[in-house]
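Enquirer: First, the structure itself, so that you have it in front of you.
Printed below as a string of structure tokens:
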């Protein structure tokens with residue numbers, strides 16, 4: 006099935022899923038010092054919500070944390086005193102997107118993504134006539150272990166503040182990355198990249214030009230078979246009234262391009 010979005014044609018029968026599924030196994034990725042998700046049948050006395058245990062249906066409770074248990078999309082409510090819901094902030098779901106691959110650079114004891122590395126990658130992949138509404142960053146090396154890794158206490162790579170500012174000033178409204186956070190794992194609560202991207206100057210008294218309709222999606226995985234370049238992004242999520250929701254970003258190749 007061919008669809009036309011912003012004058013570009015995409016084949017809806019060929020989705021490229023860049024999300025990581027949530028499971029209650031050790032294969033589930035984890036961040037922020039928590040345990041794996043719990044998925045278990047409801048129990049009422051001797052009754053168990055599981056067909057193999059005699060019930061007519063499978064009836065599970067699920068306990069998870071969207072920030073620490075896999076692919077998730079968050080709004081600026083993640084860092085503000087005032088409550089903002091991703092379900093209210095994200096009202097459109099199809100965007101033009103640019104996929105770039107970046108090898109983080111060494112900075113002291115850290116690995117970081119710089120403004121220059123993003124700018125250079127965009128210059129290489131950008132094709133005339135394709136606007137950029139979303140930016141997808143695949144970090145190198147791109148090991149399959151990203152889909153199962155326990156990131157806690159590993160100091161993963163992160164985006165520098167100047168790089169996040171550059172992304173914002175480039176007009177990109179949706180940022181996706183294959184790391185547990187755009188910020189350093191332990192940064193004393195500064196959250197410089199989050200604040201720069203959302204243009205949040207004071208978390209207690211939100212400035213009028215903060216970017217309420219912009220999102221950050223973390224813990225994606227983009228297979229090596231997916232080439233850098235321009236795509237249409239369908240950013241799907243569950244309708245939670247929360248600062249973040251588990252999500253399923255899907256890419257579509259732009260036909261005849």
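Numbering (the working numbering), first residue to last: 6 to 262.
Where is the CB? At the ideal position from N, CA and C, for every residue including glycine.
Would a C-beta distance cut-off of 8 Å place residue 79 and residue 67 closer than the cut-off?
Expert: By 1-based counting over the chain shown, the position of residue 79 is 74. By 1-based counting over the chain shown, the position of residue 67 is 62. Taking 8 Å as the cut-off, the Cβ atoms of residue 79 and residue 67 do not count as close.
Enquirer: Taking the alpha helix (DSSP H) that residue 173 falls in, what are its first and last residues?
Expert: Along the chain shown, read from residue 1 onward, the residue named residue 173 stands at position 168. First-last of the alpha helix (DSSP H) with residue 173: 166–174.
Enquirer: Beta-carbon within less than 6 Å of residue 123's beta-carbon, same chain only, minus the 5 sequence neighbours each way: which residues are those?
Expert: Indexing the chain shown from 1 puts residue 123 at position 118. 168.
Enquirer: Since residue 143 sits in a beta bridge, which residues does DSSP pair it with?
Expert: Within the chain shown, the letter at position 138 stands for residue 143. The partner list for residue 143 (beta bridge, DSSP) reads 106.
Enquirer: Just to check my reading of the structure: residue 253 and residue 236 have Cβ atoms closer than 8 Å, yes? What is that Cβ distance to the nearest angstrom?
Expert: What you label residue 253 is simply residue 248 of the chain shown in a count that begins at 1. What you label residue 236 is simply residue 231 of the chain shown in a count that begins at 1. Actually they are not in contact, since the Cβ atoms of residue 253 and residue 236 sit about 15 Å apart, beyond 8 Å.
Enquirer: How many whole angstroms separate the CB atoms of residue 116 and residue 162, which I take to be in contact at a CB cut-off of 8 Å?
Expert: One-based indexing of the chain shown puts residue 116 at position 111. One-based indexing of the chain shown puts residue 162 at position 157. Between residue 162 and residue 116 the Cβ distance is about 4 Å, and since that is below 8 Å, they are a contact.
Enquirer: Measuring alpha carbon to alpha carbon, tell me which residue in 72, 177, 241 and 52 is nearest residue 65.
Expert: If you number the chain shown from 1, residue 65 lands on position 60. Per the Cα distances, 52.
Enquirer: From 159, 190 and 81, pick the residue whose C-alpha is nearest to that of residue 211; which is it?
Expert: Taking the first residue of the chain shown as position 1, residue 211 is located at position 206. Of 159, 190 and 81, the residue nearest in Cα terms is 81.
Enquirer: Three or more beta-carbon pairs under 8 Å between the stretch 42–58 and the stretch 145–164, yes or no?
Expert: no
Enquirer: Please specify which runs of the alpha helix (DSSP H), each continuous and at least 4 residues long, are wholly inside the stretch 172–217, giving them in chain order.
Expert: 197–203
Enquirer: Just tell me which of 94, 220, 166 and 13 has its CA closest to the CA of residue 198.
Expert: Reading the chain shown from its first residue, position 193 is the one you call residue 198. Minimum Cα distance to residue 198 is reached at 166.
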